[in-house]
Structures are given as C-alpha cells and as structure tokens.
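Chains X and Z supply the protein sequences, listed in that same order. Quick note on numbering: the first sequence equals residues 840 to 1122 in my numbering. Quick note on numbering: the second sequence equals residues 840 to 1122 in my numbering. Backbone N, C-alpha and C fix where the C-beta goes; we use that ideal spot for every residue, glycine too. A quick note: this is a predicted structure, and the numbers were derived from the prediction, not measured.
There are 2 protein chains.
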Amino acid sequence: MSSVSAVSADAAGTLAPHPFDDALALEPAGPDRFLGRTTPAYWNMIGPFGGITAATLLQAVLQHPQRLGDPIALTVNFAGPIAEGPFEIEARPSRTNRSTQHWSLELRQQGVVATTASAVFAVRRETWGCGEAVRPEAPPPEQVPAAGGFAPVRWLKAYDMRPLRGAKPSAEAGTEHPDSLTQFWLRDAPARTPDFAAVASWCDTFYPRIFLKRAGFVPAGTVSLTTYFHADAATLAALGDSHVLASARAQVFRQGYFDQSAQIWSAAGELLATSHQIVYYKE
Amino acid sequence: MSSVSAVSADAAGTLAPHPFDDALALEPAGPDRFLGRTTPAYWNMIGPFGGITAATLLQAVLQHPQRLGDPIALTVNFAGPIAEGPFEIEARPSRTNRSTQHWSLELRQQGVVATTASAVFAVRRETWGCGEAVRPEAPPPEQVPAAGGFAPVRWLKAYDMRPLRGAKPSAEAGTEHPDSLTQFWLRDAPARTPDFAAVASWCDTFYPRIFLKRAGFVPAGTVSLTTYFHADAATLAALGDSHVLASARAQVFRQGYFDQSAQIWSAAGELLATSHQIVYYKE
Chain X
840 MSSVSAVSAD AAGTLAPHPF DDALALEPAG PDRFLGRTTP AYWNMIGPFG GITAATLLQA
900 VLQHPQRLGD PIALTVNFAG PIAEGPFEIE ARPSRTNRST QHWSLELRQQ GVVATTASAV
960 FAVRRETWGC GEAVRPEAPP PEQVPAAGGF APVRWLKAYD MRPLRGAKPS AEAGTEHPDS
1020 LTQFWLRDAP ARTPDFAAVA SWCDTFYPRI FLKRAGFVPA GTVSLTTYFH ADAATLAALG
1080 DSHVLASARA QVFRQGYFDQ SAQIWSAAGE LLATSHQIVY YKE
Chain Z
840 MSSVSAVSAD AAGTLAPHPF DDALALEPAG PDRFLGRTTP AYWNMIGPFG GITAATLLQA
900 VLQHPQRLGD PIALTVNFAG PIAEGPFEIE ARPSRTNRST QHWSLELRQQ GVVATTASAV
960 FAVRRETWGC GEAVRPEAPP PEQVPAAGGF APVRWLKAYD MRPLRGAKPS AEAGTEHPDS
1020 LTQFWLRDAP ARTPDFAAVA SWCDTFYPRI FLKRAGFVPA GTVSLTTYFH ADAATLAALG
1080 DSHVLASARA QVFRQGYFDQ SAQIWSAAGE LLATSHQIVY YKE
C-alpha cells in the first residue's frame, strides 16, 4: 500500500489540497455555524453532487468543538436545490450522553433551508462482532478497466469507478431490466486515504436505479439518504489507496419514489458502511 | 375482509378507542406544538416501545394543519430515555415545495430532548412502477399459530405475531446462530385497519437481531430508525384486518452497533414499507 497524502504537488510544485478536502473546507462562523461553498469538481447537473453535500454536513460535526466520538448514523434530507456559491451550515448538538451524541443540522443559502440532516456520533469500543453479510465475488480492481459512468456530469471525474455489473443499462431502451443491481470498485480520483466524510460521499455515487431498471434517463433525485458507519477511523485510514467495492440495488419503484440499499466493502471483505435512500422519479 | 373499526365496545358497551389510537392521541398546544403521554399498552422494559414513539412523531405531522401529502420517509433518533408520563412534540415544517414537504421534529420531556426526527411528505401520483423484491414464501397466517414473543414486555400484547422463522434463538446459548433473519405474520391486537402510523410502528416490532445471533439477551437499543413508505393511504386501508408479513435481518455487528433492514409486505405481495435501523449493543 502506498502512502496517500491529502495534498498533491501541482506542476509548479505548489501543494494544493485534494479536491475533496477543498470541497469540504468550512470556516467557523460563530456558535454552531460554519460557512462553506460549492466547488466545480463536485458539480452535478443543476447542483452539487448529493454525496458531497452529505460529506460536508458530516464534516461540520467532525470539526465542531463539542463533537464526541465518531459517526454512527447520518441522515440527509435534500429539501431543495443548492445553488452555486456560498452556504451556511448550522450544526447543533441536540443531546449529548455519556458515549453518544445526537446532532441536528441545516444547510441554508440566503436564509432558505436547502438541506436538513441528523447525525448520531458515539465512542465505539471493542465488542463481539460478526460480519453476517458476505462481500460479493469480484475480480481484483487491477483487472477491471476504469469507466467514468455514462452521464455527462463533472463529479464523476472525482471518482475512479471500475464497473463490475450494472454500469449502464444493458436492456433495450424502454424495456425492463431484470434487476437494478450495480457494483463497482471505487476510490477517489486522485486517490485519497478515506475518512468518514469520504465514506458518506461514496454512499451516494450510484446513478439512480431507475435509469438501469428502465434502460434510460428519467428525471430523478434523492430526497432522503441514511448512512450507517460500521468502520472506525483506524480501519478507514488503513485502507490507504485501495479500492472499495460499492454495491446498490432497489427493492421497489412505486408512485414516483423508489428505494436504494447500498453497501461499501473493503477489498478484504469488511462491510465499511451500509446506506439507504429514497429517490423521486418522474415518468 | 371484515370491517375493522378504530373503536371497540367494552363490557359495558361503551365505545373505547383502540389502544393504538389512544397512544397516539395528541393535543394541539400552540404553533407546531403537541402534547402527548405514554400509555401502559405500549410500554417496553424501561420506556415506551420505540415503534409507538416513531408512530406518535409521525402522527404529529399527520395532524399538523400545514401538512402536505403523505409520508415518504421518517427518521427517528432515540437520543435519550422517555419517562412514563407527558411529553411535548415540536413538529416544524423546514421547507415546503410544490409537491414535497420536509419536517423537523423533537420530542421533549420537561424541556429535555429525548427524541429527534425528520420526515419527508409528498403528494404521490401514479407512475410506472415495479416491485423488484419478491415476498418470501410463507404459509397463510391462518395456518400459523400466534406467539407473543419471548420477552416479558407489555407492548408485545399489542400485536398478533405469527412466527415463520427466527422467532426465538434456536442455537445453543453462547453459540453463534447462522443468520439473524426473523419473519412473522403481523397485525395489531385487537385488529385495526392500518394507516401510516401503524406502518411506522410495525417497522420496529422486531426484537434486537443480536438476541437471535448470539442466542441470548444482551443490553441493546435502537439509536436511529429510518422507514420508507411505499404504499399510499388507500392501499393501507384496503388491507383491513389482514396480516402483513414482516421480515428483518442484520448485515454486520461491530464495535457495539449492528444494523437491521426490514420489509413489511402485504399478504398479496406488495412491499408496503422498507425500514432500517442501527442498534447499540453491549457485550
């Protein structure tokens, strides 16, 4: 495993932050307040990539002076569009217990709520453990060619995705694909040693399941995203520049909304995070 | 299908509300505020059954005068204990769009936050739809004997549970059960025609997966619960007094927390709700 730094030297030898760290940069602005701004590297069609918004909200808690422990759960509700430019995050501890802490968050632009979120943090300790779910079989990432996804969006360039299954709709347009399962090897591009914010972002890197199921584009967007963190900081840091295996599938599409359940696995088979979302679609 | 009323006649012929409706009774107490109280029928070991808390928070939105549409997503964070007695719920619309509405909620006792929650509501419309997941095979509920669960808690009497699999740990105490899968036919007891609040409650009727996996009791409690609603009000009302098939399983147990993913199916095979939670355990 090579050592991966959060900074990289540009052509002039200047150290520039990794685009992910640049996107997550927050400036404290009073009690429970932080100022941030969107960055071009994680731009989606008409707003920032949802994963970067989730990561930035988590980051506000991670750098809050009252933070206790590490992330256990994060729920992000995409309430309205986020425009290019500055935003304010309010991150408020709702309740602090001996080993757990609950957070309420809002992202606002010009006083208007664009995103709400909640987070649970906890001090984790060693216990009996068991990985009941088993990582899907896959050839190692070095043997799988990279692909940039099939949508013309900027944020896809921020990820090295190596598709294993369900990379693009393979059914004829207008017909129904037998399943909505997508799996790929994933890491940041350029490579970056992962932390909790990276995992929060990874969980939203799947294109909408309905594109695969229906073999084509329809208007769609995540309305609520929940991620559970199963790995501690040391486990994530030890991943270095290795790829993780990302897998996602829907269970039901009905009356304008479908669900998605995702898993993020280490190459060694540890389940690092599980994540669920409900997604609006129009058809 | 027999007609099921929300009221039942007691021995004296007086009409009493169903215990579930009684538990959900909320009194408006100013803008965005409601007063409620715990009821003995849904008492757990040291506080109310988490499902009734989730249902009551949803109910606050359902009866809020500014409510738009029906529930799509509900996340409940169990931040601290709820004591027997009165509580206050603040249900605040964070953002209202043309067809979706985002809510922020807090349940407090004597000014102290016990539970936080968020909800997404939406006006649903008919679209192309598909149930990709398939209901597990099971004998019809009439052929499955009822069981009250294996824990001495009061709220279990509020449900008619007919176990299909994983009702109790079958492995020898201290050994590891091969899986954490539990499935049962479920309805309220006495029977009650379901609504969104009932579904919110049903999603938390599974005992902690670690009891099954480890074949014994350990301290455990849900810290965050997210439910996605896939059925509209008419679909739920049409269920009448039929049972639903409830299924739940964990993917990973690590460092004091495990996840659970659950499905609630109609007898006819419709996926009514999917639900996920992260649960604390001590061992």
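With a Cβ-Cβ cutoff of 8 angstroms, do residue i and residue j count as a contact?
i, j, result
"residue 1067 of chain X", "residue 911 of chain Z", "no"
"residue 959 of chain Z", "residue 915 of chain X", "no"
"residue 998 of chain Z", "residue 1027 of chain Z", "yes"
"residue 1086 of chain Z", "residue 1101 of chain Z", "yes"
"residue 1069 of chain Z", "residue 1112 of chain Z", "yes"
"residue 897 of chain X", "residue 913 of chain X", "yes"
"residue 1055 of chain Z", "residue 991 of chain Z", "no"
"residue 954 of chain X", "residue 957 of chain Z", "no"
"residue 1001 of chain X", "residue 986 of chain X", "yes"
"residue 862 of chain Z", "residue 880 of chain Z", "yes"
"residue 921 of chain X", "residue 877 of chain X", "yes"
"residue 1057 of chain Z", "residue 1120 of chain Z", "yes"
"residue 886 of chain Z", "residue 1043 of chain Z", "no"
"residue 902 of chain X", "residue 865 of chain X", "yes"
"residue 1078 of chain X", "residue 1114 of chain X", "no"
"residue 1091 of chain X", "residue 1041 of chain X", "no"
Sort out for me which residues DSSP pairs residue i with in a bridge.
i, result
"residue 1086 of chain X", "X:1022, X:1102"
"residue 1116 of chain X", "X:1064, X:1099"
"residue 999 of chain Z", "Z:1026"
"residue 986 of chain Z", "Z:1000"
"residue 1091 of chain X", "Z:970"
"residue 957 of chain Z", "Z:914, Z:943"
"residue 863 of chain Z", "In DSSP, residue 863 of chain Z forms no bridge with anything."
"residue 1111 of chain Z", "DSSP, once it has assigned bridges, lists no residue as partnering residue 1111 of chain Z."
Assuming residue i and residue j make a contact with CB atoms under 8 angstroms, what is their CB distance in whole Å?
i, j, result
"residue 918 of chain Z", "residue 952 of chain Z", "6 angstroms"
"residue 857 of chain Z", "residue 1033 of chain Z", "No, residue 857 of chain Z and residue 1033 of chain Z are not in contact; Cβ-Cβ is about 11 angstroms, not under 8 angstroms."
"residue 893 of chain Z", "residue 1110 of chain Z", "Not a contact, Cβ separation roughly 19 angstroms."
"residue 872 of chain Z", "residue 929 of chain Z", "6 angstroms"
"residue 859 of chain Z", "residue 1031 of chain Z", "6 angstroms"
Q. Counting Cβ pairs closer than 8 angstroms, one from the region 931-948 of chain X and one from the region 1066-1081 of chain X, do we hit at least three?
A. no
Q: Only counting runs of 4 or more residues, tell me where the alpha helix (DSSP H) segments fall wholly within the region 866-951 of chain Z, in order along the chain.
A: 889-901
Q: With a floor of 3 residues, list each beta strand (DSSP E) that falls wholly inside the region 1030-1078 of chain Z, ordered by position along the chain.
A: 1059-1068
Q) Does the pairing of the region 923-938 of chain X with the region 924-937 of chain Z give three or more beta-carbon distances under 8 angstroms? A) no
Q. Touch check for the region 1084-1099 of chain Z and the region 963-978 of chain X: three-plus C-beta pairs under 8 angstroms?
A. Verdict: yes, contact present.
Q) Per the contact definition of three or more C-beta pairs closer than 8 angstroms, is the region 903-910 of chain X in contact with the region 853-873 of chain Z? A) no
**Q.** At least three beta-carbon pairs within less than 8 angstroms, the region 971-985 of chain Z to the region 1014-1033 of chain Z
**A.** yes
Q) Would you call the region 1029-1038 of chain X and the region 1048-1062 of chain X touching, i.e. three or more CB-CB distances under 8 angstroms? A) no
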